[in-house]
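Below: one structure, written as structure tokens.
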Amino acid sequence: MKVWFLEGHIDGLTTTRKLAIDPLPFVIGRRSGLPLTIHSSNISRIHAEIFKKNGCLFLKDLKSTNGSFLNRKPVQGEVLLKPGDILHIADIALKLTFESTAQVVGSASTELDIAGSTDKLPVGILELESMLSSRSVTSVFQAIYPCDADRIFAFEILGRGTHDKLPKSPGPLFKMAENFDREIALVELFREDGVKRANASGIRSPFFINIHPRELDQPDRLLATIRAACEAFPVLHLVLEIHEGAVTDLSVMKQMRRGLNQMGVGLAYDDFGAGQTRLLELSEVPPDYLKFDIRLIRNIDLSPARKEMLVFLLQLSKNLKIKTLAEGISNEREAEVCRTLGFDFFQGFYYGRPVSLPTQN
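Going by my numbering, the first residue of the sequence shown is number 8, and it counts up by one from there.
Structure, rendered in structure tokens:
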């Protein structure tokens, strides 16, 4: 008779041992009395479950702290198992086999002390999963000013990490998350935290929120997350920023525009001019705001050629009734040129660095 087994380096031994996956459902965790108890501080008390559905074997994570992984990919929802798959319960590697019981000698106890594994997870994945599950993030807010700069017009919400073993800056965090296909989970967590803090501030200026380009592969999911934010905090005026480089599919952008209009959410194209300037998309699906890339603005006072190009783009934007924003202004010279050129809004360290917002009493 053939049965399913988990195979791994157990009890600190150099040889592998096998444990039959029985009974089903087969719960794995640190708590005693489970079908498989693993005595490791990285394992949650009830960590993961193997179960059968429609004659097939599946794995799901039970909201563990450090996550479960199938072939080095984080487990989200239910995932189908196949012979030869490598399961990581946190950092503990176990191989899945399907073979005759006659071939198995000395199957292991269900109480395991697993010292380590020769099949290690990539560096950082456990910490990233821990950050996501514990929601170890915060948000800062950078002011956006109108041309006269006498008041704040809006804020851009920027995510930061707070996990003690990971970077705080979003750049390295997203690079790590992209390696593990967790970038969407990260950006959704940043947005959830940001809009919650924006609402708690009591400020009713517009708040610009960011997406990850890969979210446009699932526009329905993206719109659902924005709708959830609008329903949770109906007094907020949100503006969704989409990077110019991600604005490549007109049908998706039209879907996004319709959905945002229905929710009363604004649309901004971010980092405009950073790469291929997409004038077709700009005219077919015009945003409410166009944020010009910092590389066009930096030292603009020293570049007549760039000024000439900006004159053309600003006039085009005006014709399309799009408000324009100069990003990354760092000094008075750049600010003065941008005012002269006719930008509507300004953002950058010259006007203020990202800061936390106080909670309304």
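Backbone N, C-alpha and C define an ideal beta-carbon position, used for all residues, glycine too.
Test item: CB-CB of residue i and residue j under 8 Å
i, j, result
"Thr-331", "Leu-303", "no"
"Leu-257", "Glu-222", "no"
"Pro-226", "Val-259", "yes"
"Gln-83", "Ser-208", "no"
"His-244", "Phe-214", "yes"
"Asp-277", "Pro-153", "no"
"Ala-150", "Gly-359", "yes"
"Gly-166", "Pro-177", "yes"
"Glu-248", "Ile-216", "yes"
DSSP three-state assignment for residue i, whether helix, strand or coil
i, result
"Cys-154", "coil"
"Gly-36", "strand"
"Ser-141", "helix"
"Asp-224", "helix"
"Thr-125", "For Thr-125, the predicted structure reports a pLDDT of 42, less than 50, and the residue's modelled location is therefore unreliable. A value from the coordinates is still provided. Thr-125 falls in the coil class under three-state DSSP."
"Ser-51", "coil"
"Thr-366", "coil"
"Val-112", "Residue placement at Val-112 is poorly supported in this model, since its pLDDT is 45, which falls under 50; the coordinates still yield a value, given next. Coil at Val-112, not helix or strand."
"Val-202", "helix"
"Ala-97", "coil"
"Gly-15", "strand"
Of the listed residues the options, nearest to residue i (C-alpha basis)
i, options, result
"Leu-13", "Glu-163, Asp-224, Leu-64", "Leu-64"
"Ala-231", "Met-270, Arg-204, Lys-25", "Met-270"
"Ser-39", "Arg-158, Tyr-152, Phe-279, Ile-53", "Ile-53"
"Arg-204", "Leu-94, Thr-145, Arg-305", "Thr-145"
"Asp-300", "Arg-198, Ser-290, Glu-251, Leu-286", "Glu-251"
"Glu-341", "Pro-365, Ser-310, Ile-329", "Ser-310"
"Asp-308", "Ser-290, Cys-345, Glu-56, Ala-333", "Cys-345"
"Gly-168", "Phe-181, Asn-268, Ile-50", "Phe-181"
Exposure label - residue i; buried when at least 16 CB within 10 Å
i, result
"Gly-355", "buried"
"His-46", "exposed"
"Ala-239", "exposed"
"Asp-155", "exposed"
"Pro-32", "exposed"
"Lys-25", "buried"
"Leu-327", "exposed"
"Phe-279", "buried"
"Asp-68", "buried"
"Phe-319", "exposed"
"Ser-55", "Note that residue 55 is Ala in the sequence shown, not Ser. Buried: at least 16 other Cβ atoms inside 10 Å."
| Runs of alpha helix (DSSP H) wholly within the stretch 247-296 (minimum 4 residues, chain order) | 257-270, 286-291
| Along the chain, which unbroken stretches of the beta strand (DSSP E) at least 3 residues long are found entirely within the stretch 309-360? | 330-333
| Runs of alpha helix (DSSP H) wholly within the stretch 155-198 (minimum 4 residues, chain order) | 177-186
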